Structure formats: C-alpha cells, structure tokens
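In the working numbering, the protein residues as written are 81 to 265.
Backbone N, C-alpha and C define an ideal beta-carbon position, used for all residues, glycine too.
Treat the numbers as computed from the prediction; the structure is a model and nothing was measured.
Have a look at this one:
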C-alpha cells in the first residue's frame, strides 16, 4: 500500500494565508521625525531573488525602550516596534522605522543600536533570526557583545546596514559565500 504524498513543510509561498493583520512595513507613520527606511533584498544561495519571503522586525525606539503591547494599551507609547513586509517579485522589502537607541546587554553595558529580524521563505522549515546593525555606529558596534563574538570581520559585515538615501540598505543572503549571519535561538 502506498501512502499519498503530503504537502511540504515550508513556510512560503503560502504566507498570505496564515499571516494577516494590521502589522505592516510601517513601524512609524509617514512624516515621523527621524524616520528612515531599511530596504534590501532576500537572495538565495545563487544570488537569485526570493519572491515569496517575509521579513519581520522587532526593535526598541530611538531611546532604547521596547514598546510592549501592555504599554501601548495603556497609552504610554504609540511606538509599535514591530514591522512585517513580504518580498516582491524581485525579492525586495522595505520597513519604515526609526533608528533604535542602544539597549542594555544581558551581561551589562550597552548593545549597539540594532533591529532584530526574522526571515521566512520557501525551503525554510522555521524562521531564521538575525540582526541589522548600522555601519555608521562604529564605536558602539566595536563594543557590542554580539558583534564581538563573531571572529571574522567578513561575517560581521553581513549584519551591517549601509547608509543609502532616506535610510539604510541591507540584503539578506540565505546561503553562499555572502550568507548572512543567523542566530540559533
């Protein structure tokens, strides 16, 4: 007796069926003072754009405070801190936000300003987790415990967003020689 084939356990291209809601690519509204865009592409191991991916971001505000849902419900902040953007046919994504402030490190001292990122895409059984750091935060990046834990400068650069126009440019490479550093969380 032969068993029927079952669907693959990958996340995409079925993201729109299971991920809906008000959260979108605008962490802050248009016109917010200090707002920036984080723009980039998701690329596979051959450098081919991934047209059916999803990027989620979570971050502190410009003062290094996270906007927990309870604080938002009490009206203490309007900062959402969370963004979600599907990739387009060319693998592009964009998140409008503010540059976060430094947050405390678990072992004391500050962490450099960064944005936590989850990547969902075809062929991935669970989310990939990484971070966006800002290349122009040189001193803070040099002291950051996560960046310092990466022994290879070439690997560290995969986490650095570069100033570009009205924000920063940062690509995600799922595999290959330029593979983005992903964290086992």
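Item, Value
"Classify residue 189 as buried or exposed, calling it buried when 16 or more other Cβ atoms lie within 10 Å of its own Cβ.", "exposed"
"Would you mind stating whether residue 265 and residue 209 have Cβ atoms separated by less than 7 Å?", "yes"
"By DSSP, does residue 169 sit in helix, in strand, or in coil?", "coil"
"Residue 263: buried (16+ other C-beta within 10 angstroms of its C-beta) or exposed?", "exposed"
"What does DSSP give as the partner residue(s) for residue 252 in the beta ladder?", "122"
"Just how far apart, CA to CA, sit residue 146 and residue 230?", "25 Å"
"Counting C-beta neighbours from all protein chains within 10 Å, is the total for residue 242 16 or more, i.e. buried, or is it exposed?", "exposed"
"Can you pull the DSSP bridge partners for residue 174?", "119"
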